[in-house]
Each structure stands twice: as structure tokens, then as C-alpha cells.
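Residue numbers (this note's numbering): 1 to 137.
Yeah, the Cβ is synthetic: ideal placement off N, Cα and C, and Gly gets one too.
Right, one structure below, let's go through it.
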Amino acid sequence: MDTIGVSGREPVCIPSVEEVAEFRRVVNTVIGKWKIDILFVLLAGPRRFGELRRLLPGITQTMLTSQLRALEADGLVGRTAFATIPPRVDYELTGAAYALKPIFADLVGWSRNRKGLAPSVQGVCATAEEGSEAQDT
């Protein structure tokens with residue numbers, strides 16, 4: 001990024017054409033009708049298809065399937081099929097997607113701050129272990 005001056009204490013930067021293109025590519029990868037919601041829910045750990053449907057009220061089976069396939073194709077969600085009867089499929093974040101957790105936390109914090117709310121007590125979400133402990137209680 002090129003610095004063109006200073007606004008307050010922060011330098012004013014102009015992103016390069018390549019940086020804008022990369023930003024647009026990344027945003028288009030995670031932004032979709034339900035992609036952010038799915039990623040956010042999966043931060044707590046692996047989920048079955050039916051669990052995702054229950055945790056995302058309003059999403060249709062077709063849309064959830066479509067969005068999961070797109071996230072899988074982009075390398076953000078992993079799919080594990082188990083050879084059981086009935087069939088069982090788990091979806092979980094890949095390392096690349098899990099790296100988005102601090103960004104999600106910052107976005108939630110930014111939103112709460114703009115609304116004058118206190119920071120979230122739990123943060124964005126518990127880890128998979130913390131989430132399962134919370135479900136047991």
C-alpha cells in the first residue's frame with residue numbers, strides 16, 4: 001500500500017490494484033447468503049448436517065448443501081463421511097477457515113462497540129472442547 005498522508009495519527013494508505021483484487025477475492029469466498037453464518041457456527045466444532053439446519057433457522061436443505069459445497073471447494077470446510085447406517089457426515093472448519101476466528105471476534109467487538117454494548121463475555125464462541133462442556137451442563 002502506498003502512503004499518501006496522515007489522518008489524525010494513522011497514515012492514509014491507498015491499496016494497490018493487486019491488493020484490491022485479493023481483498024475482493026477473499027471477501028467473495030466467505031460472503032454468500034449463508035456462508036458467514038455457517039463458518040461462525042462451525043467455529044465451535046464439527047457439526048452434522050441436521051445440526052447445522054437446526055442452528056441456522058430459515059436455511060433450506062438445498063441452500064445449506066450448496067453453501068457447504070462451495071465452502072468445501074474453497075478449502076474452508078472439510079467434510080467427513082462415516083460408513084454407518086444411517087449415513088453420517090460431519091462438517092468442520094479447515095485450518096484456513098479457523099484462522100478467521102480473530103477476525104470474527106474483532107467484527108463482533110466492533111459491532112458491539114458501535115452499539116454501546118459491553119464486550120461479549122464468551123467471546124465469539126467457545127472452542128470445540130469448551131462448547132461440548134457447555135452442552136453437557
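- Of the other Cβ atoms in all chains shown, fewer than 16 fall within 10 Å of the Cβ of V27; this residue is therefore exposed.
- Taking a cut-off of 8 Å on C-beta distances, the stretch 90 to 98 touches the stretch 35 to 46, as three or more cross pairs fall below it.
- P86 carries a coil assignment under DSSP once its states are collapsed to helix, strand and coil.
- The beta-bridge partner set that DSSP reports for V77 consists of L93.
- Below 8 Å, enough C-beta pairs join the stretch 95 to 111 and the stretch 75 to 82 to call them touching: three or more.
- DSSP links R53 through a beta bridge to no other residue.
- R48 is bridged by DSSP to D90.
- Scanning I38, P15 and P11 for the CA closest to the CA of L56 turns up I38.
- With a cutoff of 9 Å on beta-carbon distance, K35 and Q67 are scored as near each other.
- In the structure shown, S120 adopts coil according to DSSP, grouped into three states.
- Per DSSP, reduced to three states, the secondary structure at K33 is coil, with no helix or strand assignment.
- In this model, F82 and V89 are separated by some 6 Å (Cα to Cα).
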